[in-house]
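Following our numbering, the numbering of the sequence shown begins with 12 at its first residue and continues without gaps. These notes concern the structure reproduced below.
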Amino acid sequence: MFSVLAVLLLASWTLTPVSAEQFRIGPEQNWFELLSSGSLRPADVVILSDGIYTDPRRLVMSHRGTAEQPIVIRADDGAKVIFRRPDAKQNTFNLEGTQHLTLEGFEITGGAAAIRIQSSDSHRAESITLEGLHIHHIGGVAVTCNHPGDDYRGMTFRRNHIHHTSGHGEAFYLGANNGEAVFHDSEVTNNYIHHLNGPNISQGDGIEVKQGSYANLVARNVIHNTNYPAITIYGTAGQPVNRVDSNVIWESNDSAMQVAADCIVRNNWVACRGHCLYSRNHQEAVVGNLEINGNVLLALGKAAPIRIIHPRDSSGANQLSGLIQIQHNVMIADDDALAARIPNDALVRFNANRGNGKVDGAQQTLDDTINLSELLKRFPNFDQQHPVWKHLNRDQLLARFNGIAD
Numbered sequence: 012m013f014s015v016l017a018v019l020l021l022a023s024w025t026l027t028p029v030s031a032e033q034f035r036i037g038p039e040q041n042w043f044e045l046l047s048s049g050s051l052r053p054a055d056v057v058i059l060s061d062g063i064y065t066d067p068r069r070l071v072m073s074h075r076g077t078a079e080q081p082i083v084i085r086a087d088d089g090a091k092v093i094f095r096r097p098d099a100k101q102n103t104f105n106l107e108g109t110q111h112l113t114l115e116g117f118e119i120t121g122g123a124a125a126i127r128i129q130s131s132d133s134h135r136a137e138s139i140t141l142e143g144l145h146i147h148h149i150g151g152v153a154v155t156c157n158h159p160g161d162d163y164r165g166m167t168f169r170r171n172h173i174h175h176t177s178g179h180g181e182a183f184y185l186g187a188n189n190g191e192a193v194f195h196d197s198e199v200t201n202n203y204i205h206h207l208n209g210p211n212i213s214q215g216d217g218i219e220v221k222q223g224s225y226a227n228l229v230a231r232n233v234i235h236n237t238n239y240p241a242i243t244i245y246g247t248a249g250q251p252v253n254r255v256d257s258n259v260i261w262e263s264n265d266s267a268m269q270v271a272a273d274c275i276v277r278n279n280w281v282a283c284r285g286h287c288l289y290s291r292n293h294q295e296a297v298v299g300n301l302e303i304n305g306n307v308l309l310a311l312g313k314a315a316p317i318r319i320i321h322p323r324d325s326s327g328a329n330q331l332s333g334l335i336q337i338q339h340n341v342m343i344a345d346d347d348a349l350a351a352r353i354p355n356d357a358l359v360r361f362n363a364n365r366g367n368g369k370v371d372g373a374q375q376t377l378d379d380t381i382n383l384s385e386l387l388k389r390f391p392n393f394d395q396q397h398p399v400w401k402h403l404n405r406d407q408l409l410a411r412f413n414g415i416a417d
């Protein structure tokens, strides 16, 4: 009887949650050991005080919280916290097997990649939140989720400010080529991304979601001055579609958005001297299964606002992979330029679109004409919580779009 009671008491004690701890630490203290030890427990909070945190060692964090009790590492209220690597030999943060962790409110500069996320030998990386970070002047990509064989889910990357990267230069590199890593059921929202077009950048996409990655939301981001497209989306390999919604984009050295397949592209405002939206086969993604709805697309070079290349005119399959619906968009083209160059295919539905210019490759035409000055009178109608208003007022934003026409 006694032994049974003892076992029950022991079981009850071991199931009692350990109280969470709050750690306050500064750059002059042993912060590296605290962050890299792996000893943080669910619901622990690390509060970082003012100062520059720098160390030449490789910082690996493998903390694991829970959905109910995430671990939080954040800057103190009002503090200016800067993580600055002394060289580009290592990434500033390596999150390996990290789960239910939030990094919030501090600055990252120097180093190679700012944050590299991957599995450990025993745990995959998942449910990581990056919020309110300022990442700039680094030696590589800002945030990577591309480790071969990894399955990334439940990521939240929001309200970050990213600029002046180097190397491949993406702000967010999500998934890997040919589906070798998959990024899914995640969101990249309300970020401000700009100037990924410097002399030390070889690519410079804003947000790149690779082949086989799916069910992601890319929304309400402000992206300008990129070398490659501001948003690049491949296909989902039969999984649920990705969504690209309510982003504001201008000044890309490439097409503003490149979307191959399996995506809803809705309510975006885009100004570009190249194509605003460009679609062709890429890796295993075959063009099709696209809903392009309610966008304002201003292309004032020789390129058409929308350019879709039929699979038979590219590499791979000879048929579209699914229906393409292009409706309720406004497309403004330069004088004598085409408003859209799209396949003449029964799977392409083009209706209720307005703008100027001709439509090439389809039987349909624009339902109504609208010129640039008319368009800009109601430019744009995002709510006051959209991050674009944090960085520009209406007149300043209008000048950016007017400037494309000059």
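Glycine included, each C-beta is placed from N, C-alpha and C at the ideal position.
(message) Within the continuous beta strand (DSSP E) that includes Ser-138, where are the two ends?
(response) 137-142
(message) Give me, in chain order, the residues of the same chain whose beta-carbon lies closer than 6 Å to that of Arg-127; leave out the 5 immediate sequence neighbours on both sides.
(response) Asn-102, Asn-105 and Thr-155
(request) Starting from the Cα of Gly-49, find the closest Cα among Ser-131, Phe-168 and Phe-393 and give me that residue. (result) Ser-131
(request) Express the C-alpha separation of Ala-271 and Phe-412 in angstroms, rounding to a whole number. (result) 26 Å
(request) Report the three-state DSSP secondary structure of Ala-22 (helix, strand or coil). (result) Note on Ala-22: pLDDT 37, under 50, position unreliable in the model; the coordinate value appears next. Note: Ala-22 maps to helix in three-state DSSP.
(message) Please return the same chain residues whose Cβ sits closer than 8 Å to the Cβ of Asp-88, not counting the five positions on each side in sequence.
(response) none
(request) Identify whether Lys-401 lies in helix, strand or coil by the three-state DSSP scheme. (result) helix
(message) Could you tell me the alpha carbon to alpha carbon distance between Asn-208 and Gly-215, rounded to whole angstroms?
(response) 6 Å
(request) Name the one or two DSSP bridge partners that Gly-419 has. (result) Outside the modelled stretch of the chain, which goes from 12 to 417, sits residue 419, for which no answer is possible.
(request) Keeping to the same chain, check which residues put their C-beta closer than 6 Å to that of Ile-337; ignore five residues upstream and five downstream. (result) Ile-303 and Phe-361
(message) Can you give me the C-alpha to C-alpha distance between Gln-269 and Ala-90, rounded to a whole angstrom?
(response) 39 Å
(request) Alpha carbon to alpha carbon, how far is His-74 from Ile-422? Give it in angstroms, no decimals. (result) Examination of residue 422 is not possible in this model, given that the chain is present from 12 through 417 alone.
(message) Comparing C-alpha positions only, which one of Arg-323, Lys-313, Leu-358 and Ala-363 sits nearest to Ala-344?
(response) Lys-313
(message) Across the segment 396-403 and the segment 368-382, are there enough close Cβ pairs to call them in contact, namely three or more that are closer than 8 Å?
(response) no
(message) Threshold first: 4 residues or longer. Then list the alpha helix (DSSP H) segments lying entirely within the segment 298-360, N to C.
(response) none
(message) At the level of alpha carbons, what is the spacing between His-134 and Gln-330?
(response) 40 Å
(message) What does the alpha-carbon distance come out to for the pair Leu-114 and Asn-340?
(response) 38 Å
(message) Using CA atoms only, rank isn't needed, just tell me which of Val-255, Ser-332 and Ser-290 is closest to Gly-249.
(response) Ser-332
(message) Rounded to whole angstroms, what is the Cα-Cα separation between Arg-169 and Val-83?
(response) 15 Å
(request) Within the same chain, show all residues whose beta-carbon is closer than 7 Å to that of Arg-68, passing over the 5 residues directly before and after it, in chain order. (result) Phe-43
(message) Here's the rule: buried if 16 or more other CB atoms are within 10 angstroms of the residue's CB, otherwise exposed. What is Ser-355?
(response) Ser is not the amino acid found at residue 355; the sequence shown has Asn there. It counts as exposed.
(message) If I follow the unbroken alpha helix (DSSP H) through Asn-43, where does it start and stop?
(response) Here the sequence assigns Phe to residue 43, which means Asn is not the residue at that position. Its alpha helix (DSSP H) spans residues 42-47.
(message) Rounding to the nearest angstrom, what Cα-Cα distance links Asp-98 and Asn-211 in this structure?
(response) 16 Å
(request) Compute the beta-carbon to beta-carbon distance between Gly-178 and Gly-150, rounded to the nearest angstrom, for a pair I have assumed lies under 8 Å. (result) 6 Å
(request) With distances taken Cα to Cα, identify the nearest neighbour of Ala-182 among Asn-188, Asn-189, Ile-204 and Tyr-163. (result) Ile-204
(request) List the endpoints of the continuous beta strand (DSSP E) containing Ser-290. (result) 288-290
(message) Between the alpha carbons of Gly-121 and Ser-213, how many angstroms are there, rounded?
(response) 18 Å
(message) Quick check: Arg-95 and Ile-63, are their CB atoms within less than 9 Å of each other?
(response) yes
(request) Measure from the alpha carbon of Thr-247 to the alpha carbon of each residue in Tyr-225, Ser-263 and His-148, then state which is nearest. (result) Tyr-225
(message) So, under 8 Å CB-CB, Asn-171 and Gly-143 are touching, yes? Tell me the CB distance rounded to an integer number of Å.
(response) 7 Å
(request) Determine, using beta carbons only, whether Ser-197 and Thr-176 come nearer to each other than 9 Å. (result) no
(request) Quick one: residues in its chain with C-beta nearer than 6 Å to the C-beta of Asp-55, no 5 flanking neighbours on either side, listed in chain order? (result) Ala-31, Glu-32 and Ile-82
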